[in-house]
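S.K.: Handing you a structure now.
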Amino acid sequence: MSTMAAEGTSERLPASQPWNADTAVRLDGVTKRFGHTVALHDAWIKVTRGEFMTLLGPSGCGKTTLLNLVAGFLTSDSGEIFIEGALVTDVPTSERDIGMIFQNYALFPHMTVAANIAYGLKTRGIAREEIATRVAEMLSLMKLAGLEGRKPRELSGGQQQRVALARALVIRPKVLLMDEPFSALDKNLRASMQVEVKEIQRRLGVTTIFVTHDQSEALSLSDRIAVMSDGRIRQIDTPQRIYQQPADRFVASFIGEVAVLRGRLESTDGEVAIVTAGACRNTVAAEPLRALSPGAAVDLFVRPEHLRLVTESEPAAARGTVATHVYQGGHIDVYVDAAEAATGRVLVRVPGDAALGRAPVGACVGVATSGVSAVAFPPKG
Amino acid sequence: MRAAGRALVVVILGFITLPAAVVAIAAFNDRALLSFPPQSLSLRWFVKAFSYRDFQAGFTNGLIVMLASSGIALVVGTAFAFALDRYRFVGRGLIESLLLAPLVVPHFTVGLGFLILAAQLGAMRSFAVVMVCHVVLVLPFVLRSVYISLRNLDRRLELAAESLGARPSRVMFTVTLPLLVPGLVSGWLFAAILSFNEFTASLFVTSQRTQTLPVAMYNYVREYADPTMAAMSLIFIVVTAMLLTIANAFFGLGKVLNVDHGR
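So the sequences go chain by chain: A and B.
In this text, residue positions in the first sequence follow our numbering: the first is 7, and each later residue adds one.
In this text, residue positions in the second sequence follow our numbering: the first is 98, and each later residue adds one.
Quick look at the structure:
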């Protein structure tokens, strides 16, 4: 737990750090401004070879700027970018050996599927027979066999996506860059394409940097996630740690549902701290609370699945009335209006459907924490 | 109400096509008068239109001027369109409004201007003056057509080509220009038709040796008033319609006229 902040918020290295053979892409303190706006501030990131790294954040957070800097569509104002050990900060896009998937796929509308896929091989001056072989390989890998003579507009959304992937992967790029590639697909197709892309990425072992604003997409696909906001990288970590041990209030609120309860710091003991919320004691990571002394007010962030509904007489972290139920099949989301909670409304995820009878709308209930599985941050402002 | 609306549409369409229809019928009049309706029919005025020396020369001159001016306008206009679309520079707004507003300066002003310049340079009788004059007149149409196509071009296609290892010139010739073809054809076609039909400015800058077909027709009509003019008109209409039909067959009229933005 103690290493969370150190490892999570930055991958800063001394400038003289030798190239690690496992590293595919590295950004050293990259900053990009548009006029007076800082689109990306002092970004340090290391992407391991074969890794699926997701840049996640709301629109305008700088994730697309970061991707475009790696692609070479933008040039940085300061800092250096390395791909496979080579300094590429000032290298044009065409010399970077990258594969790029655009949100709208950007397939060449005047070329057939086969010509689209062959494009990157032709620019590399590869012999015609080899191009034919490699295009055929890609067509079968991407389940596009039989479509090679079609124009992009004659394909479905999912097929267009596969052609875009085939075109980018056939050149065996050093890194695959994807800019919200699933956002144009409908929900069912999106889910199956996600699985497919992840499988192909793992099979080919291609280093991937993936941009999305969809947190569930990020959690399900990524080896690691870099959470960004306001041009800054907030945390780089595995999906589990991002979800369970968010580095700051922004990460905790942006990823997944969370209830914010008012609590009090009781004591700090090395790496752990005790925080009480109402009658519930919680063990949390001490790192974010370093600056506070016992007795200080803190905000306790708890995921809905780590909260329980209790009766009025039982000890609880907060009390309130049931506002509404949302039936989700395997579980029920119960929204409780609790004046004591910082968010005002608390989401409690109750397995099964017993809550419908035990805590009807309007009932007075308590909300209890489990004692672990929570994080605390100093109050805002 | 619906019937009245339809009748109105028919009346309006009839009114628009009326002059062309009257001229077309008059062209077949056997008598040497521009009277209507004709008493008896013949093709003699078509024979005369094709065999009249000034018209033959005018057709050749017009073709030379048209090919040269529309060709030059295509290259220059495309370059300007790229500059306007891709770069931000001082005076960009001024150039944009100047080149995109061909209606502000009347054709006779352009013709007169080039007449004065040509007189100063002693180039009164050259084709060059006519061609340059026509370039100035048709350039805005090429520019506008290519500019609109460039605006509608998805820049991500060029970025995709770059990401696949294509250097700028390769991107230009394999992605940008092929996708601009409808805009280029449309611009060139407009320029060519305008140049071939242009009369007002041409009257100032052509000489007996360099006169284009419309000027030759004007000189003819000052001396004779027989249906040869009507026959010429019909030939003009048929040739232009054929050009558009060919363009439509190859590219689709929507694309050629730059009104089809679906991709």
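Built from N, CA and C at the ideal position, the CB exists for glycine as well.
Predicted model, so just to flag it, every value in this text is computed and none were measured.
Within 10 angstroms of its Cβ, does B/Thr-271 collect 16 or more other Cβ (buried), or is it exposed?
M.R.: Numbered from 1 along the second sequence, position 174 holds the residue referred to as residue 271 of chain B. So B/Thr-271 counts as buried.
S.K.: CA-CA distance, B/Asp-251 and A/Leu-113?
M.R.: Looking up residue 251 of chain B in the second sequence gives position 154. Looking up residue 113 of chain A in the first sequence gives position 107. Going from the Cα of B/Asp-251 to the Cα of A/Leu-113 covers about 10 Å.
S.K.: Beta-carbon separation of A/Pro-179 and A/Ile-280 under 8 Å?
M.R.: Numbered from 1 along the first sequence, position 173 holds the residue referred to as residue 179 of chain A. Numbered from 1 along the first sequence, position 274 holds the residue referred to as residue 280 of chain A. One thing to note: A/Pro-179 has its Cβ no nearer than 8 Å to the Cβ of A/Ile-280.
S.K.: Examine chain A for any beta-carbon lying closer than 8 Å to the beta-carbon of B/Ser-260, and answer yes or no.
M.R.: Walking along the second sequence from the start, residue 260 of chain B turns up at place 163. At least one C-beta of chain A is nearer than 8 Å to the C-beta of B/Ser-260.
S.K.: Return the bridge partner residues of A/Val-236 from the DSSP annotation.
M.R.: The residue labelled residue 236 of chain A in the question sits at position 230 within the first sequence. Val is not the amino acid found at residue 236 of chain A; the sequence shown has Asp there. In DSSP, A/Asp-236 forms no bridge with anything.
S.K.: Beta strand (DSSP E) containing A/Asn-288: first to last residue?
M.R.: Here residue 288 of chain A corresponds to residue number 282 of the first sequence, with the count starting at 1. Start and end: 286-291.
S.K.: Can you give the Cα-Cα distance for A/Asp-2 and A/Lys-38, rounded to whole angstroms?
M.R.: Not covered by the structure: residue 2 of chain A. The range shown for chain A is 7 to 387.
S.K.: What would DSSP say about B/Asn-126, mapped onto helix, strand or coil?
M.R.: Mapped onto the second sequence, residue 126 of chain B falls at position 29. The answer is strand: DSSP assigns B/Asn-126 an E or B state.
S.K.: Since A/Pro-59 contacts A/Ile-107 with CB under 8 Å, what's their CB separation in whole angstroms?
M.R.: To locate residue 59 of chain A, count along the first sequence from 1; it is residue 53. To locate residue 107 of chain A, count along the first sequence from 1; it is residue 101. For the record, residue 59 of chain A in the displayed sequence is Met; it is not Pro. Here A/Met-59 is actually not in contact with A/Ile-107; their C-beta atoms are around 14 Å apart, not less than 8 Å.
S.K.: Would you mind sorting B/Asn-355 into buried or exposed? The rule is 16 or more other CB atoms within 10 Å of its CB.
M.R.: Start at 1 with the first residue of the second sequence, and residue 355 of chain B comes out as number 258. With a pLDDT of 49 at B/Asn-355, under the threshold of 50, the modelled position of this residue cannot be trusted; read the value that follows with caution. Under this definition B/Asn-355 is a buried residue.
S.K.: When burial is assigned at 16 or more other CB atoms within 10 Å of the CB, is A/His-312 buried or exposed?
M.R.: Residue mapping note: residue 312 of chain A aligns to position 306 of the first sequence, counting from 1. So A/His-312 counts as buried.
S.K.: Taking C-alpha atoms, which residue in A/Ser-235, A/Asp-96, A/Lys-128, A/Gly-301 lies nearest to A/Thr-81?
M.R.: The count along the first sequence starts at 1 and reaches residue 81 of chain A at position 75. When each option's Cα is compared against that of A/Thr-81, the closest is A/Asp-96.
S.K.: At a CB-CB cut-off below 9 Å, which residues of chain B make contact with A/Thr-129?
M.R.: Your numbering for residue 129 of chain A matches position 123 in the first sequence. Simply Ala-258, Leu-261, Gly-262, Ala-263, Arg-264, Arg-267, Thr-271.
S.K.: How close, in whole Å, do the beta carbons of B/Cys-230 and B/Val-202 come, if the pair is a contact with beta carbons under 8 Å?
M.R.: On the second sequence, residue 230 of chain B is found 133 positions in, with the first residue counted as 1. On the second sequence, residue 202 of chain B is found 105 positions in, with the first residue counted as 1. Incorrect: roughly 12 Å between the Cβ atoms, too far for contact.
S.K.: State the DSSP-derived secondary structure class of A/Ser-179, mapped to helix, strand or coil.
M.R.: Taking the first sequence and counting its residues from 1, one reaches residue 179 of chain A at position 173. For the record, residue 179 of chain A in the displayed sequence is Pro; it is not Ser. Note: A/Pro-179 maps to coil in three-state DSSP.
S.K.: Got a sec: is the Cβ-Cβ distance from A/Ile-242 to anything in chain B below 8 Å?
M.R.: On the first sequence, position 236 is the one that residue 242 of chain A refers to. For A/Ile-242, the answer is no, since every Cβ of chain B falls outside 8 Å of its Cβ.
S.K.: Identify the continuous beta strand (DSSP E) that holds B/Tyr-244 and give its terminal residues.
M.R.: Taking the first residue of the second sequence as 1, we reach residue 244 of chain B at position 147. Here B/Tyr-244 belongs to no beta strand (DSSP E); instead the alpha helix (DSSP H) covers 224-249.
S.K.: If distances are taken between C-alpha atoms only, which option among A/Arg-230, A/Thr-139, A/Arg-309, A/Pro-158 comes closest to A/Phe-216?
M.R.: For this step, residue 216 of chain A is matched to residue 210 along the first sequence. Residue A/Arg-230 is the option with its Cα nearest to A/Phe-216.
S.K.: Which class does A/Phe-216 belong to by DSSP, given the choice of helix, strand or coil?
M.R.: Along the first sequence, read from residue 1 onward, the residue named residue 216 of chain A stands at position 210. Residue state, collapsed to three classes: strand.
S.K.: Using a Cβ-Cβ cut-off of 8 Å, state whether A/Met-106 counts as contacting chain B.
M.R.: The residue given as residue 106 of chain A occupies position 100 in the first sequence. The beta-carbon of A/Met-106 is placed less than 8 Å from the nearest beta-carbon of chain B.
S.K.: Which residues of the stretch 83-103 of chain A have a Cβ closer than 7 Å to any Cβ of chain B? Give them in chain order.
M.R.: Thr-99, Ser-100
S.K.: Check whether the stretch 293-304 of chain A touches the stretch 105-113 of chain B, taking contact to mean three or more Cβ pairs, one atom from each stretch, closer than 8 Å.
M.R.: no
S.K.: Determine the direct distance from the alpha carbon of A/Cys-67 to that of A/Glu-86, and round the result to whole angstroms.
M.R.: Counted from its first residue, the first sequence places residue 86 of chain A at position 80. Counted from its first residue, the first sequence places residue 67 of chain A at position 61. Their backbone Cα atoms lie some 20 Å apart in a straight line.
S.K.: Note down, one range per segment and in chain order, each alpha helix (DSSP H) of at least 4 residues found wholly within the stretch 101-181 of chain A.
M.R.: 119-129, 134-147, 163-175
S.K.: Since B/Pro-275 meets chain A, which of its residues come closer than 9 Å, beta carbon to beta carbon?
M.R.: Position 178 of the second sequence, counted from the first residue, corresponds to residue 275 of chain B. Chain A residues near B/Pro-275: Phe-114, His-116, Met-117.
S.K.: Less than 8 Å between C-beta atoms, sequence neighbours within five positions excluded: which residues of the same chain meet that for B/Gln-382?
M.R.: Because residue 382 of chain B is not part of the residues shown, which for chain B are 98 to 360, the question remains open.
S.K.: A/Leu-306: which of A/Ala-133, A/Asp-192, A/Arg-268 sits nearest, CA to CA?
M.R.: As a first step, residue 306 of chain A must be located in the first sequence, where it is residue number 300. Considering only alpha carbons, the answer is A/Arg-268.
S.K.: Could you give the DSSP three-state label for A/Ala-374: helix, strand or coil?
M.R.: Position 368 of the first sequence, counted from the first residue, corresponds to residue 374 of chain A. A/Ala-374 falls in the strand class under three-state DSSP.
S.K.: Check this for me: beta carbons of B/Arg-215 and B/Val-232, under 8 Å apart or not?
M.R.: What you label residue 215 of chain B is simply residue 118 of the second sequence in a count that begins at 1. What you label residue 232 of chain B is simply residue 135 of the second sequence in a count that begins at 1. According to the sequence displayed, residue 215 of chain B carries Ala and not Arg. Not closer than 8 Å, so no.
S.K.: At what residues does the alpha helix (DSSP H) containing A/Phe-260 begin and finish?
M.R.: Locating residue 260 of chain A in the first sequence gives position 254, where the first residue counts as 1. Element bounds for A/Phe-260: 255-260.
S.K.: Which residues in chain A have a C-beta closer than 7 Å to the C-beta of B/Leu-254? List them in chain order.
M.R.: As a first step, residue 254 of chain B is located in the second sequence; it is residue number 157 there, counting from the start. Going along chain A in sequence order, the residues near B/Leu-254 (Cβ under 7 Å) are Ala-112, Phe-114.
S.K.: Going by other Cβ atoms of all chains shown within 10 Å of its Cβ, with 16 needed for buried, is B/Tyr-317 buried or exposed?
M.R.: Within the second sequence, numbered from 1, the residue matching residue 317 of chain B stands at position 220. Buried, by the Cβ-count rule.
S.K.: Could you tell me the boundaries of the beta strand (DSSP E) in which A/Gly-35 lies?
M.R.: Numbered from 1 along the first sequence, position 29 holds the residue referred to as residue 35 of chain A. Where A/Gly-35 is concerned, the enclosing beta strand (DSSP E) stretches over 29-40.
S.K.: On the criterion of 16 or more Cβ atoms from any shown chain inside 10 Å, does A/Tyr-333 qualify as buried, or is it exposed?
M.R.: By 1-based counting over the first sequence, the position of residue 333 of chain A is 327. The residue is exposed, with fewer than 16 neighbouring Cβ atoms inside 10 Å.
S.K.: So what does A/Leu-306 bridge to, in DSSP terms?
M.R.: Here residue 306 of chain A refers to the residue found at position 300 when the first sequence is read from its first residue. DSSP output for A/Leu-306 lists A/Leu-267, A/Ala-382 as bridge partner(s).
S.K.: Ordered along the chain, which non-local residues of its own chain (more than five positions away) have a Cβ less than 6 Å from that of A/Met-7?
M.R.: Taking the first sequence and counting its residues from 1, the one referred to as residue 7 of chain A is at position 1. Note that A/Met-7 scores a pLDDT of 37, beneath 50, so its modelled location is shaky; the value from the coordinates is reported in the next line. Hits under 6 Å: Glu-277, Ala-291.
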